[in-house]
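Asks: The following block contains the structure, expressed as structure tokens.
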Amino acid sequence: MELLTKLGIDWRLLIAQLVNFLILVLILYKFLYKPLLKMLEGRKEKIEKGLRDAEQLGVELEKTKELQAAEIQKAKQESRAIIEEAERRAEAAGAETKLKTKAEVEKLISAAKNQIISEKEKMMAEVKKEAIELVLATAKKVVGKVIDNKVNKELIENTIHETTKR
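So for the sequence shown, numbering that gives the first Met the number 0 puts the first residue at 0; every next one is plus one.
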């Protein structure tokens with residue numbers, strides 16, 4: 000202690016300063032270091048949690064992208080199936096329409112043929128009538144007398160029969 004006194008150091012003052020320093024360290028440790036350490040620990044946990052959440056979100060994002068790609072693929076397949084079904088129905092409707100049109104055309108052709116036959120029969124009847132009248136007129140001129148109905152009828156039928164053979 001003498002040595003300390005020779006150097007001008009008061010040992011009581013040194014002990015008091017040492018006690019004050021320890022009290023200051025304890026106060027700083029309790030009121031500053033612990034809350035600061037707690038705050039830093041909380042920040043560290045928040046950062047770690049944020050990193051875990053970001054990683055989890057990344058994984059979920061990848062899953063969502065995969066699901067989205069699968070849904071898009073499924074929608075494409077469904078749209079292809081719908082388009083193919085529509086094309087098939089259109090072809091069937093086209094074939095059905097074609098058959099209906101063909102049936103209608105055949106019906107029209109048949110009706111036209113029937114009408115032509117009917118017209119032909121009418122025309123043939125008119126031609127026969129005119130031929131009969133012409134034959135009668137010619138026969139009257141040639142014979143020069145009135146022929147009775149029975150002879151007239153036989154003559155006409157023979158003439159028509161010969162004309163139709165030609």
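Every residue gets a Cβ at the ideal spot worked out from N, C-alpha and C, and that includes glycine.
From N211 to L133, what distance separates their C-alpha atoms?
Replies: Residue 211 falls outside the range modelled here, since the chain spans only 0 to 165, and no answer is possible.
Asks: Helix, strand or coil: which one does DSSP assign to L50?
Replies: For the purposes of this step, residue 50 is taken as the residue at position 51 of the sequence shown. Taken through DSSP and simplified to helix, strand or coil, L50 comes out as helix.
Asks: Any contact of the region 154–165 with the region 119–130, i.e. 3+ C-beta pairs under 8 Å?
Replies: yes
Asks: Quick check: the Cα distance between L2 and W10, rounded to an integer number of angstroms?
Replies: Taking the first residue of the sequence shown as 1, we reach residue 2 at position 3. Taking the first residue of the sequence shown as 1, we reach residue 10 at position 11. Rounded to the nearest angstrom, the two C-alpha atoms are 10 Å apart.
Asks: Helix, strand or coil for L6? Go by DSSP, reduced to three states.
Replies: For the purposes of this step, residue 6 is identified with residue 7 of the sequence shown, where counting begins at 1. In this structure, L6 counts as coil in the three-state DSSP scheme.
Asks: Taking the straight line between their C-alpha atoms, what separation do you get for K43 and I82?
Replies: Position 44 of the sequence shown, counting from 1, holds the residue named residue 43. Position 83 of the sequence shown, counting from 1, holds the residue named residue 82. When rounded, the distance between both Cα atoms is 57 Å.
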